[in-house]
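As structure tokens, the structure follows; a few thoughts come after it.
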Amino acid sequence: MFVSSVKAGGLMYFTDEKLTLYRVHGENWSYYAEIARSGSNETRLKRARPLIQAIKTSGLIGSMLLDGNINKYLCLERLNRGALLLLPLPELGTLPPELRLSLSDVKLALRCYKVGAEDLVDVVFVMGSALLSPLLASPRGRLVIGKIVEGIVKALTTKRSLKRERESLR
């Protein structure tokens, strides 16, 4: 992903903080905050492309490392597939089975949690996504569930920013 980002003229910043900001084609944008604010299809498409690339890359690297044993790349691939399921993009059409989550992914998420590669929140996310996967496979299902999730993210983002603002005034 790093090489393709540099090749496309983008920048990636490596710090000890969680990576959320990308510079793509001369425009800065943040995955979660921008989608929560604008909710535009263009922003969602910007998020879908790197997610699909990350799914492919993580799956390939994860399957090559440690002869299929649990590693962070295998675990990351499941989380990215779950995130892709929540994008309300009719342009993606009906997602093929390899981009959906299944019960075997829940089993892998539990194994990832057991070795410390994922948090419990991630396991719950994979479980919920796997249960809703048949509904989320269709564009209409993703639209309905995606709008609900966007509302939740927007509410949490607003609540968090108000809390920070109150703390900064003290």
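Numbering (my numbering) for the sequence shown: 6 to 175.
No residue lacks a Cβ here, since even glycine has one placed at the ideal position from N, Cα and C.
Scanning Ser109, Val158, Val120, Ile66 for the CA closest to the CA of Leu136 turns up Ser109.
Between Gly87 and Ser134, the C-beta gap is smaller than 8 Å, which places the two residues in contact. A direct Cα-Cα distance of roughly 37 Å separates Arg52 from Arg175. In the DSSP assignment, Arg116 falls within the alpha helix (DSSP H) that extends over 108 to 120. With the rule of 3 Cβ pairs closer than 8 Å, the segment 74 to 88 counts as touching the segment 105 to 124. Taking a contact as a CB-CB distance under 8 Å, the pair Leu92 and Arg145 does not count as one, their CB atoms being some 13 Å apart. With a cutoff of 8 Å on beta-carbon distance, Ala114 and Val126 are scored as not near each other. Sequence-distant partners of Leu106 (beyond 5 residues in either direction) whose C-beta falls short of 8 Å from its own C-beta, in its chain, are Arg83, Arg86, Gly87, Leu90, Val131, Ser134, Ala135, Ser138. Here Arg86 carries a helix assignment [DSSP, helix/strand/coil].
For Glu170, the uninterrupted alpha helix (DSSP H) run begins and ends at 144 to 174, by DSSP. Annotation for Leu94: no alpha helix (DSSP H) segment contains it, and DSSP assigns it neither H nor E.
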